[in-house]
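Under this note's numbering, think of the first position of the sequence shown as 78, with each following residue one higher.
Even glycine gets a Cβ: it sits at the ideal position worked out from N, Cα and C.
This one's a predicted model, so the numbers in the text were calculated from it and none came from an experiment.
Take a look at the structure set out below.
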Amino acid sequence: MTPSQPDWDDRIGRRLKLRDLHVLAEVVRCGSMAKAATHLSMSQPAVSEAISSLERAVGTRLLDRHAQGIGATPYADVLIRRTRAVFDELRQGVQEIEFLSNPTVGEIRIACPEFVAAGLLPRAIAEFVEKYPGVTFHVMHQDTTTLKNQELQDRAVDMIISRVPSGFADDDVNVESLFHDPHWIIVGVKSPWARRRKIPLEQLCDEPWILPPSPVIYSLLSSSFESRGVRLSKVCVTSASLLLRTELLATGRFISVMHASILVRNAKTWGLKRLNVDFDLRSPPISLITLKKRTPSPVVQRFMGHLRDIAATMQ
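Right, dumping it as structure tokens:
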């Protein structure tokens with residue numbers, strides 16, 4: 078039943094405070110009122126009163142106490158999830174006001190795997206900041222072990238730049254293909270394989286592999302081996318760290334994969350070489366992933382247009 082206007086004014090419009098919602102989210106995140114009070118620079122009684130005020134406003138208990146501390150009730154989970162959207166919209170509104178007063182400033186938050194941070198983003202950010210020096214970027218690592226796009230769902234970022242497997246569907250996000258960046262099989266220049274002119278893929282099935290923690294890449298590589306009647310049997314290291322992978326490859330004992338856009342620029346510096354293997358590892362395109370029903374700030378929209386322009390030169 079839709080609440081009447083007097084009910085809205087009494088329970089929500091007059092009694093529900095943004096500060097109290099923020100306090101609730103911090104208490105749940107910290108698992109303790111005392112820890113939340115310290116983080117918020119508030120007294121513990123003030124934190125407790127903020128929670129009590131919220132509980133009176135919504136008419137239900139929001140926190141459960143247990144041996145490990147304090148946890149959210151299902152009602153608090155709903156309120157916190159909706160609160161994220163409220164605060165995000167307010168933040169977007171403030172950014173729009175800032176943009177209207179000065180279109181060269183703003184904040185852009187991106188989640189991506191390391192290969193994007195090392196490949197596409199350096200050029201994109203450097204060119205954008207040169208034109209709009211007042212813009213700040215916050216780049217965080219995307220969790221590539223799942224396809225949940227949790228960073229977007231939590232509204233912690235404005236966009237994700239990553240690969241999306243074919244057939245992927247999510248009613249909450251938009252997926253826009255930017256460009257194809259193939260995977261190449263690589264070794265260090267000290268590897269015996271680096272001296273081979275042409276290599277059948279099946280000969281590499283028992284070599285020590287280093288792979289990124291991506292189910293997409295493992296599935297593509299594994300199915301390629303299986304199509305040759307062999308199995309990928311020896312993944313020695315799984316890591317998202319490019320530094321770790323390049324250091325291990327430099328020993329000459331490992332095989333890995335790397336995006337063409339990264340290898341072309343860094344092969345000589347990092348002492349890496351692409352193997353001439355008789356197959357193509359056809360990876361899904363690099364895509365721009367955004368949340369549906371959420372209007373990006375003007376500066377974020379401008380940067381997305383900048384990404385599209387760069388991607389057009391990388392096809």
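Where the alpha helix (DSSP H) containing E470 begins and where it ends: Nothing in the structure corresponds to residue 470, since the chain is present only between 78 and 392.
Over the uninterrupted beta strand (DSSP E) stretch that includes L140, give me the two end residues. L140 to H143
Could you give the distance in angstroms between the alpha-carbon of F192 and the alpha-carbon of S243? Spanning the two alpha carbons is a distance of roughly 19 Å.
Tell me the rounded alpha-carbon separation between P361 and R240. 6 Å
Residues that S239 bridges to, as DSSP identifies them: S364
Helix, strand or coil for R232 per DSSP? coil
Buried or exposed: where does T181 fall if 16 or more other Cβ atoms within 10 Å of its Cβ makes it buried? exposed
Tell me the start and end of each unbroken alpha helix (DSSP H) in the segment 99-167 that is at least 4 residues and wholly inside, in chain order. 110-117 and 121-135
Decide if A201 is buried, meaning its Cβ has at least 16 other Cβ atoms within 10 Å, or exposed. Buried is the call here.
DSSP state of H257 mapped onto helix, strand, coil: coil
Considering only DSSP beta bridges, list what A188 is partnered with. M217 and I237
Can you pull the DSSP bridge partners for S296? The partner list for S296 (beta bridge, DSSP) is empty, contrary to what the question assumes.
In whole angstroms, what is the alpha-carbon distance linking W85 and Q219? The predicted position of W85 is uncertain, since its pLDDT is 49 and thus under 50; a value taken from the coordinates is nonetheless stated next. When rounded, the distance between both Cα atoms is 39 Å.
Of the choices H336, G306, I276 and I332, whose alpha-carbon is the least far from that of I287? Nearest C-alpha to I287: I332.
Helix, strand or coil at T79 [DSSP, three-state]: At T79 the pLDDT is 47, less than 50, meaning the model places this residue with poor confidence; the figure from the coordinates comes in the next sentence. Coil at T79, not helix or strand.
Using only CA atoms, which one of Y152, P122 and M119 lies nearest to V135? Y152
Report all residues from its chain with a CB closer than 6 Å to the CB of G329; omit the five preceding and five following residues, and keep chain order. G265, K267 and S268
Should R308 be labelled buried (16 or more other beta-carbon atoms within 10 Å of its own) or exposed? exposed
Strand pairing of W286, partner residues [DSSP]: V312 and I332
Rounded C-beta distance between M335 and I238? I'm assuming under 8 Å. Between M335 and I238 the beta-carbon gap is near 17 Å, outside 8 Å, which marks them as no contact.
Which partner residues does R351 have in the DSSP bridge list? I263
Please say whether L140 and V100 have beta carbons closer to each other than 8 Å? no
DSSP beta-bridge partners for L340? According to DSSP, L340 bridges with nothing at all.
Taking all protein chains shown into account, do 16 or more other C-beta atoms lie within 10 angstroms of the C-beta of L167, making it buried, or fewer, making it exposed? exposed
Taking the straight line between their C-alpha atoms, what separation do you get for A195 and R274? 28 Å
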